[in-house]
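Data first, discussion second: the structure below is written as structure tokens.
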Amino acid sequence: MTEAKKNPRQWHFDWRMMVFAGAFLPLLVALGIWQLNRAEEKQALLGQWQQEAQNLEWPDLVANGLEDGRPVTVTGLYGERSWLLDNRTRDGIAGYEV
Numbered sequence: 388m389t390e391a392k393k394n395p396r397q398w399h400f401d402w403r404m405m406v407f408a409g410a411f412l413p414l415l416v417a418l419g420i421w422q423l424n425r426a427e428e429k430q431a432l433l434g435q436w437q438q439e440a441q442n443l444e445w446p447d448l449v450a451n452g453l454e455d456g457r458p459v460t461v462t463g464l465y466g467e468r469s470w471l472l473d474n475r476t477r478d479g480i481a482g483y484e485v
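The numbering used here numbers the first residue of the sequence shown as 388 and each following residue consecutively.
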């Protein structure tokens with residue numbers, strides 16, 4: 388009988404790969420945890436904004452001052468003059484914005 392051939396894909400210890408994995412694995416785990424915490428913070432902030440939007444009217448918001456990042460909806464009338472902004476895309480179609 389002949390000797391069994393050695394598997395060419397046999398694992399060999401490489402200290403460089405172990406150092407690389409040992410250095411970056413904790414970093415990547417920490418970044419993943421940070422990302423999950425940030426998502427929770429954003430959900431809480433969004434819930435707070437939605438709650439305040441239902442409870443407060445516009446004069447109350449202006450009197451209390453506006454915070455950065457707070458969504459605002461404004462209604463009104465167009466003025467006498469219009470501005471055309473060229474090379475704007477919407478739904479993949481180029482055109483103008485008024």
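Yeah, the Cβ is synthetic: ideal placement off N, Cα and C, and Gly gets one too.
Contact belief for tyrosine 483 with leucine 472 at Cβ below 8 Å, rounded distance in angstroms: As a position in the sequence shown, residue 483 is number 96, starting the count at 1. As a position in the sequence shown, residue 472 is number 85, starting the count at 1. At roughly 6 Å, the Cβ-Cβ gap stays under 8 Å, so tyrosine 483 and leucine 472 are in contact.
C-alpha distance - glycine 434 paired with glutamate 428, whole-angstrom precision: Position 47 of the sequence shown holds residue 434. Position 41 of the sequence shown holds residue 428. Their Cα atoms are separated by approximately 10 Å.
Inter-residue spacing [alpha-carbon to alpha-carbon] between glycine 409 and aspartate 401: Sequence index remark: in the sequence shown, residue 409 carries index 22 (1-based). Sequence index remark: in the sequence shown, residue 401 carries index 14 (1-based). If you take the alpha carbons of glycine 409 and aspartate 401, they lie about 12 Å apart.
Best match in Trp470, Arg477, Glu444 for proximity to valine 461 [C-alpha to C-alpha]: Walking along the sequence shown from the start, residue 461 turns up at place 74. By alpha-carbon distance to valine 461, the top candidate from Trp470, Arg477, Glu444 is Glu444.
Enclosing beta strand (DSSP E) for glycine 482 [first to last residue]: The count along the sequence shown starts at 1 and reaches residue 482 at position 95. Here the beta strand (DSSP E) through glycine 482 covers 480-484.
Arginine 477, enclosing beta strand (DSSP E) - first and last residue: Counting from 1 along the sequence shown, the entry for residue 477 is found at position 90. Segment 472-477, the beta strand (DSSP E) holding arginine 477.
Alpha-carbon spacing of glutamine 438 relative to leucine 423, whole angstroms: Taking the sequence shown and counting its residues from 1, one reaches residue 438 at position 51. Taking the sequence shown and counting its residues from 1, one reaches residue 423 at position 36. If you take the alpha carbons of glutamine 438 and leucine 423, they lie about 23 Å apart.
Whole-Å CB distance - valine 459 paired with serine 469, under 8 Å assumed: Here residue 459 refers to the residue found at position 72 of the sequence shown. Here residue 469 refers to the residue found at position 82 of the sequence shown. About 22 Å; that fails the 8 Å criterion.
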